[in-house]
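**Student:** Encoded as structure tokens, here's the structure I'll be asking about.
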Amino acid sequence: TGAITLDPGFKNSGACKSAITFLDGEEGILRYRGYSIEQLAEKSNFLEVSYLLIFGELPTAGQIAKFENDIRKHTLVNEEMKNIIDGFPKNAHPMGILASLTSALTAFNPQPVNVSDNQELYDTICKAMGKFLVIATWTFRKNMGYPLNYYDNTKGYVENFMRLMFELPTGPYKLDPVVINALDKLFILHADHEQNCSTSTVRIVGSSHASLFASISAGVSALWGPLHGGANQAVLEMLEEIQANGGDADKYLAKAKDKEDPFRLMGFGHRVYKNFDPRAKIIKKAADDVLEALGVDDPILNIAKKLEEAALQDEYFKSRNLYPNVDFYSGIIYRALGIPTEMFTVLFAIGRLPGWVAQWKEMRLNKEPIGRPRQVYVGAPLREFTEIEKR
Ligand code: CMC
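Take the sequence shown: its position 194, counted from the start at 1, is 175 in my numbering, and no numbers get skipped.
In structure tokens form, the structure reads like this:
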């Protein structure tokens, strides 16, 4: 088999060829299917970007209307899923519930998808887009003790997210275009990011021909970690802690620089971006705009700006090319929209879903081999078994 090249964390190893997302970390460039993230965030919407990522081209008016309609057909979730939800403790983390519910969908949809059947593949994708959105919001309803909501076919996908989350039996939820636009933009910015930890997980699980729901469920679990999508919750908790301690940003910078202290400045640094994260630039501007449009004056935003400014001038962060990433400012917008902190990573997952689906589809259609990294064994050499009484 020859010598094995070790590359922990896959810092320099490519695992696949992909035609979905282009990322240049030195230049801070991010493109989906050739379109710049800046243009997509400004001109497109989340469902259109989902279509683009999954099927490769911007949809025509007819294609997007059909896609939206076909997703709607799959927004009913099996009633028995509610029994599963009821089994979770009241304060369970929504990401844990989401991973479990996504996995549970395999029990209600056990047939393996035949990926060479275009129609079957398309239906599976619509099913994932429809059901995942609904169960993602149910994780919140469960924790709040609210009755579970159903998809409203007269509303759009992102509008439905807010309705599913917040509409109460007492009356219709009033949709605010400022909120919907902000969410649309955030979902677009999260929609794909080539071979990140959760996406690689989805591809590797799917490479065993496990089902799409099983692969996505694994992706949700990977995303939950604080070094990945869980960072958005961690950032806000960090900012709140700084605020509670009198707003002393320097103290937290010192902690982040101290190699004896495991604390890291959450929302800072990236494996690939060594210049800046183009998503963070757009989100920072959006945070200003959204807070202004909603008339929210959040002192947390000022703390974040102070912290960013101090870090960008600090030799430790400068020499390591550590810049704010997508998670640094997103939570401030979520908070202004009334999303509870524990749900932040669930929103990331909703945004990332089309990316996971697109990458899973590409991997299967390219007939990629099963993912199976090698290792360099460093354990004990051959030993003689010792009977238990002699140990
Ligand atoms: N605070 C303090 N020091 C840091 C940080 C940070 N946030 N990030 C990296 N470093 C230091 C690290 O200690 C190391 O220093 P040295 O060279 O002296 O050992 C150097 O910078 C390089 O870091 P690394 O850990 O080797 O880099 P990585 O590519 O393995 O990790 C990362 C990337 C994103 C996991 C890391 O920067 C980090 O933990 N950031 C905080 C968590 C975070 O914000 N995650 C969200 C990432 S973006 C969106 C997403 O993926 O979900």
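Quick reminder that beta carbons are idealized off the backbone N, C-alpha and C, glycines included.
Tell me whether the region 221 to 232 and the region 287 to 294 touch, counting them as touching only if at least three CB pairs, one residue from each stretch, are closer than 8 Å.
**Tutor:** The region 221 to 232 is in contact with the region 287 to 294.
**Student:** Can you list, in chain order, every residue whose CB sits closer than 6 Å to a heavy atom of the ligand CMC?
**Tutor:** Cβ atoms closer than 6 Å to the ligand CMC belong to -10, 177, 208, 209, 210, 212, 237, 245, 246, 247, 248, 249, 250, 251, 252, 301, 303, 306, 307 and 308.
**Student:** In its own chain, which residues sit with a C-beta less than 6 Å from the C-beta of residue 303, not counting the 5 before and 5 after it?
**Tutor:** Cβ neighbours of residue 303 beyond the five flanking positions: 249 and 250.
**Student:** Tell me the rounded alpha-carbon separation between residue 56 and residue 226.
**Tutor:** Near 44 Å, if we compare the C-alpha coordinates of residue 226 and residue 56.
**Student:** Give me the Cα-Cα distance between residue 118 and residue 124, rounded to the nearest whole angstrom.
**Tutor:** Taking the straight line from one Cα to the other gives about 10 Å.
**Student:** Can residue 307 and residue 170 be called in contact, C-beta distance under 8 Å?
**Tutor:** Their beta carbons are under 8 Å apart, which means residue 307 touches residue 170 by this criterion.
**Student:** According to the Cβ coordinates, are residue 194 and residue 86 closer than 8 Å?
**Tutor:** Yes. Within cutoff.
**Student:** Helix, strand or coil: which one does DSSP assign to residue 305?
**Tutor:** Strand at residue 305.
**Student:** Roughly how many angstroms separate the alpha carbons of residue 329 and residue 210, rounded to a whole number?
**Tutor:** If I take the Cα positions, the gap works out to 7 Å.
**Student:** Out of 66, 107, 135 and 76, which one is the CA nearest neighbour of residue 128?
**Tutor:** Nearest of 66, 107, 135 and 76 to residue 128, Cα basis: 66.
**Student:** Leaving out five residues before and five after residue 342 in sequence, what residues of the same chain have Cβ atoms less than 8 Å from its Cβ?
**Tutor:** Answer for residue 342: 35, 96, 102 and 106, listed in chain order.
**Student:** Taking the alpha-carbon positions, what's the residue 364 to residue 357 distance?
**Tutor:** So the alpha carbons of these two residues sit roughly 19 Å apart.
**Student:** Within the continuous alpha helix (DSSP H) that includes residue 104, where are the two ends?
**Tutor:** First-last of the alpha helix (DSSP H) with residue 104: 99 to 125.
**Student:** Under the rule that 16 or more other beta-carbon atoms within 10 Å means buried, what is residue 214, buried or exposed?
**Tutor:** Residue 214 comes out buried.
**Student:** Taking residue 182 as part of the beta strand (DSSP E), name the residues at either end of that continuous run.
**Tutor:** Element bounds for residue 182: not the beta strand (DSSP E) but the alpha helix (DSSP H), 178 to 187.
**Student:** Shorter than 7 Å, the distance from the beta carbon of residue 358 to the closest heavy atom of the ligand PLP, or not?
**Tutor:** Because the ligand PLP does not appear in the structure shown, any question about it cannot be addressed here, the ligands present being the ligand CMC.
**Student:** Let's test the definition: count the other Cβ atoms within 10 Å of the Cβ of residue 300 and tell me whether it reaches 16, buried, or not, exposed.
**Tutor:** The residue is exposed, with fewer than 16 neighbouring Cβ atoms inside 10 Å.
**Student:** Have a look at residue 142 and residue 132 and give me their C-alpha separation to the nearest angstrom.
**Tutor:** Taking the straight line from one Cα to the other gives about 9 Å.
**Student:** On the three-state DSSP scale, how would you describe residue 217?
**Tutor:** Note: residue 217 maps to helix in three-state DSSP.
**Student:** Would you please state the rounded distance, in angstroms, between the beta carbons of residue 22 and residue 263? I believe it to be under 8 Å.
**Tutor:** Yes, residue 22 and residue 263 are in contact; Cβ-Cβ is about 5 Å, under 8 Å.
**Student:** Taking only the alpha-carbon atoms, compute the straight-line gap between residue 74 and residue -17 and give it to the nearest angstrom.
**Tutor:** Cα-Cα distance, rounded: 45 Å.
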